[in-house]
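Chemist:
2 protein chains.
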Amino acid sequence: MKRVSLKDIAKMVGASPSTVSFILNGKASQMRISDELKNKVLATAKKMGYQPNQVAVSLRTGQTKILGLLVEDISNSFFASLAKTIELEAEEFGYKVVYSSTENNSKRGVELLRMLTQRQVDGYLITPTVGMEEDIEMIVRHKKPLVLMDRYFPGIDTAFVQVDNAGAVKKGMEHLVNKGYKKIAFITIDSGMIQMKQREEAYTEAISRSAEQKKKLVLKVNFAGGRELAIDQITEFLKKNNPDAVFFATNYLGILGLESIRAIGLSIPTDLAVVCFDDNDIFRLHLPGITVLQQPVEAIARTAIHILMQQLGNNKIALKKNQVQLAANFISREST
Amino acid sequence: MKRVSLKDIAKMVGASPSTVSFILNGKASQMRISDELKNKVLATAKKMGYQPNQVAVSLRTGQTKILGLLVEDISNSFFASLAKTIELEAEEFGYKVVYSSTENNSKRGVELLRMLTQRQVDGYLITPTVGMEEDIEMIVRHKKPLVLMDRYFPGIDTAFVQVDNAGAVKKGMEHLVNKGYKKIAFITIDSGMIQMKQREEAYTEAISRSAEQKKKLVLKVNFAGGRELAIDQITEFLKKNNPDAVFFATNYLGILGLESIRAIGLSIPTDLAVVCFDDNDIFRLHLPGITVLQQPVEAIARTAIHILMQQLGNNKIALKKNQVQLAANFISREST
DNA sequence: TGCAATCGCTAAAACGGTTTAGTGAATCGA
DNA sequence: TCGATTCACTAAACCGTTTTAGCGATTGCA
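Those protein sequences? They're chains A and B, same order as listed.
Taking the numbering used here as reference, the numbering of the first sequence is continuous, increasing by one, and the terminal residue is 1360.
Taking the numbering used here as reference, the numbering of the second sequence is continuous, increasing by one, and the terminal residue is 1360.
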């Protein structure tokens, strides 16, 4: 069964496609179409189950009403809620969001970015990976609406929204230091992106201020070997260095860390205190609960959308700044 | 800066759009275009950073190379991995997947379905909600490729892939009965969809076979009031009925249940044994680990994509059946 | 040498809408 | 009564591709 087009309706009611288009787009009175014809068209459209071909509309109007969202990993709870909030917010403005995971893979990320471009998305919301610089610059040069999230490129002038990484780590470290921990380790990854650098620098800074702890204790987990090997790296690191507290730089590192700690048989917080970046159901439900620095996910998403909408010209209230850092929430639980 | 179109390239090299199109689509030799012109076009396209307008291509060819995926809730780990696998599999066949969450909301679901139709997706992968019947039938009538997942409509003849719900619950119940539990409760929701009915029926069936337990003990959680109220319902139910084991019908019910159990102060498995449908990081990491019936998520995703590709005519190997049930994995942990 | 076949490429229609500039008929004002 | 408006619509261009049919020039064959 063929889908019914606007022309089919036009033929059916004996009017021209233009007239039908006006009516279906609510411009009937503006174009002073008679109520009689208007109702006839509306009724026929409904009866025939007309659904406009959005592809044709997009081609003609140059607007797809689609936003492209690229996150690191949609199955990670942080990015999942980010995506969810963005989707909901975008809907308010009449935009649909298509999202994909870069898996922090540069090649994949660039490909996805190009695909979004080819699909003519109206705006981009991106958690960039290393290697995307050129394509991001291209988007900027084309003056397409764009907001980076979670991280950004220091060398490229774009809008971005991220958590205040330095402030968050600082808060967490102060908490640990105040609690009297003297050998605090920092477990992170080397993604090459700025947000991880900011977190690590804040740790280094905190250690350098500390009277008790002179030496940094940093593990950069290498994910190349997969989940199990990552856990092994953490296990080995903890066994060898024997810290009294550990700060995980992301939620997935924290989860892997909990597995390591469990495997080693350490008890939290007696043997080892734990703080983690990002909150998560697991940290809340864990026994003991894990102290975290919760990112203001909804606020990040909302801010990003608002900046983007401003660029798209859909926003009444102008935001002052388009490079934003939002404070994290410190949630103290039993792990420290 | 304006984006460069195929026509721009044509003008630049002094050829016709058709010729350029042939070359860019690798039909140069087939259309016996001279290598000289071919290379010139290719070079110019690259130099100008040409990216085909996929919207125009779609309009012309009638193919968007997009699959629409509707899940219940993308931030739920089960659906997240489902989506992820589907995305990866679809990519193999040259399809991009756009996904959205119905939130089990009939109105929202129908709207999303229509949006997918209007966006001209080439195929549908859907976890349907109550109220979608008509729109699903419409898709069937239009002979559009469609595979339902996780559930289906008994009255509508469509392809579907789901876990063997009855078999899974049966296995879980047998495990509990064999372990000697005599007052096994079943906590579920009333979504009106078949997969939940299948699970509940299997529980009822197991109880009716049981020598020890004569009475069903079922709670249907009402989600209307939100998370906290849902937890309260479970708490009240457990306090009042005092079961020695509880079977949660979905992973999110299990998570809420763990919070209830924790709030009441019951200890697992001494006071209460726990089995849950769906696996999850939380159940694995929980102390004690939670016994689960793990859905074969990847297999479900792969099967669904293959059936869909068959409908799209992209598959070499024909599948025999297009209505599939896959067995769940029983994973015994310390909670039972 | 003359006709057909081949070569290398192009014109133009089509996809399904939106939008600008009109068009003929009815109504209006003077 | 006649020119100007208004009314209720419509014709046609256009968005950026793909694809079918075909065109003039060259080559092949007898």
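The C-beta atom is built at its ideal place from N, Cα and C for all residues, glycine as well.
Note that the coordinates shown come from a computational prediction; the quantities given were computed from them, not determined experimentally.
List, from N- to C-terminal side, the alpha helix (DSSP H) runs of 4 residues or more that fit wholly inside the region 1148-1225 of chain A.
Modeler: Within the region 1148-1225 of chain A, the complete alpha helix (DSSP H) runs of at least 4 residues are 1157-1165, 1189-1202.
Chemist: What residue range does the beta strand (DSSP E) around I1090(B) cover?
Modeler: It spans 1090-1095 - the beta strand (DSSP E) in which I1090(B) sits, taken as one unbroken run.
Chemist: What does a CB cutoff of less than 7 Å around D1303(B) pick up in its chain, not counting 5 residues either side in sequence?
Modeler: So the list reads V1316, Q1318, I1355, once near-sequence residues are dropped.
Chemist: With DSSP as the reference, please indicate the residues paired to I1369(A) in a beta bridge.
Modeler: The question about residue 1369(A) has no answer, for chain A in this structure spans 1025 to 1360.
Chemist: Does DSSP put A1235(B) in a helix, a strand or coil?
Modeler: A1235(B): coil per DSSP, three-state reduction.
Chemist: Nearest CA to the CA of M1162(B): which residue from K1026(A), A1328(A), K1345(A), I1258(A)?
Modeler: Answer by Cα proximity: K1026(A).
Chemist: Could you tell me the alpha carbon to alpha carbon distance between T1088(A) and A1080(A), rounded to whole angstroms?
Modeler: Going by the C-alpha atoms only, they are around 10 Å apart.
Chemist: Ignore the nearest five residues each way along the sequence and tell me which others in A1273(B)'s own chain have a CB closer than 6 Å to its CB.
Modeler: Once the five neighbours on either side are set aside, the close Cβ partners of A1273(B) are T1212, R1223, F1301.
Chemist: So P1267(B) and I1208(B) are in contact, right, with Cβ under 8 Å, and what is the actual spacing, rounded?
Modeler: Contact holds; Cβ gap of about 6 Å.
Chemist: From what residue to what residue does the alpha helix (DSSP H) around S1029(A) run?
Modeler: S1029(A) -> no alpha helix (DSSP H), and no H or E assigned at all.
Chemist: At the 8 Å Cβ level, is D1303(B) part of the contact set with chain A, yes or no?
Modeler: By this cut-off, D1303(B) is not an interface position.
Chemist: Could you tell me whether the Cβ of L1091(A) comes closer than 8 Å to any Cβ of chain B?
Modeler: It does not; no Cβ of chain B falls within 8 Å.
Chemist: Mind checking the region 1068-1080 of chain A against chain B and listing, in chain order, the residues whose C-beta falls within less than 9 Å of any C-beta there?
Modeler: Cβ contacts with chain B come from G1073, Q1075, P1076, N1077, Q1078, V1079, A1080.
Chemist: Kindly indicate if chain B contains any beta-carbon less than 8 Å away from that of T1315(A).
Modeler: By this cut-off, T1315(A) is not an interface position.
Chemist: Just to confirm, does E1116(A) get its C-beta within under 7 Å of one of the non-hydrogen atoms of the ligand PLP?
Modeler: Within the structure as shown, the ligand PLP is missing, as the structure has no ligands at all.
Chemist: Run through the DSSP bridge pairs and tell me what N1346(B) is partnered with.
Modeler: Paired residue(s): none; N1346(B) is not in a bridge.
Chemist: Grouping DSSP H, G and I as helix and E and B as strand, with all else coil, what is L1317(A)?
Modeler: In this structure, L1317(A) counts as strand in the three-state DSSP scheme.
Chemist: Verify the CB distance criterion: does Q1087(B) have a CB-CB separation below 8 Å to chain A?
Modeler: Not an interface residue.
Chemist: Pick helix, strand or coil for S1124(A), following the three-state DSSP scheme.
Modeler: Three-state result, S1124(A): strand.
Chemist: What span of residues does the beta strand (DSSP E) with L1296(B) cover, start to end?
Modeler: First-last for L1296(B): undefined, no H or E at that position.
Chemist: Closer than 7 Å by C-beta to D1256(A): which residues in its own chain qualify, once you throw out the five before and the five after it? Chain order, please.
Modeler: Within the same chain, D1256(A) has no close Cβ partners at all.
Chemist: Does the beta carbon of M1025(A) sit closer than 8 Å to a beta carbon anywhere in chain B?
Modeler: Chain B, which has a Cβ nearer than 8 Å to the Cβ of M1025(A), makes this yes.
Chemist: Beta-carbon within less than 7 Å of N1338(B)'s beta-carbon, same chain only, minus the 5 sequence neighbours each way: which residues are those?
Modeler: If we look at N1338(B) and ignore the five residues flanking it on each side, its Cβ neighbours are F1117.
Chemist: Measure from the C-beta of A1107(A) to each C-beta in chain B and report whether the shortest distance is under 8 Å.
Modeler: Closer than 8 Å to some Cβ of chain B, the Cβ of A1107(A) qualifies, so yes.
Chemist: How many angstroms separate the CA atom of V1145(B) from the CA atom of V1242(A)?
Modeler: Going by the C-alpha atoms only, they are around 48 Å apart.
Chemist: Name the two residues that bound the continuous alpha helix (DSSP H) containing V1044(A).
Modeler: Residues 1041-1048.
Chemist: Can you pull the chain B neighbours of Q1142(A), defined as C-beta to C-beta under 9 Å?
Modeler: Neighbours of Q1142(A) on chain B, chain order: Q1075, P1076, N1077, Q1078, V1079, V1081.
Chemist: Interface residues of chain B around M1139(A) at Cβ under 7 Å?
Modeler: The answer, in chain order, is K1120.
Chemist: Under a three-way DSSP split, which group does K1244(B) fall into?
Modeler: Strand, per DSSP.
Chemist: Quick one: which chain A residues come within Cβ less than 8 Å of K1167(B)?
Modeler: Under the 8 Å cutoff, chain A gives M1025.
Chemist: Which first and last residues belong to the alpha helix (DSSP H) in which A1069(A) is found?
Modeler: Unbroken alpha helix (DSSP H) run through A1069(A): 1059-1071.
Chemist: Measuring alpha carbon to alpha carbon, tell me which residue in K1035(A), S1125(A), H1166(A) is nearest M1362(B).
Modeler: As shown, chain B starts at 1025 and ends at 1360. That puts residue 1362(B) outside it, with no answer to give.
Chemist: Hey, T1153(A) and Q1075(B) are a contact pair by Cβ (cut 8 Å); roughly how many whole angstroms apart?
Modeler: Rounded, the Cβ-Cβ distance is 20 Å, inconsistent with contact.
Chemist: In terms of residue numbering, what span does the beta strand (DSSP E) encompassing F1117(A) cover?
Modeler: Taken as a continuous stretch (DSSP letters only), F1117(A) belongs to no beta strand (DSSP E), as it is neither H nor E.
Chemist: If we call anything under 8 Å between Cβ atoms a contact, is A1325(B) one with L1106(B)?
Modeler: Contact flag set, yes.
Chemist: What would DSSP say about I1288(A), mapped onto helix, strand or coil?
Modeler: Correct three-state label for I1288(A): helix.
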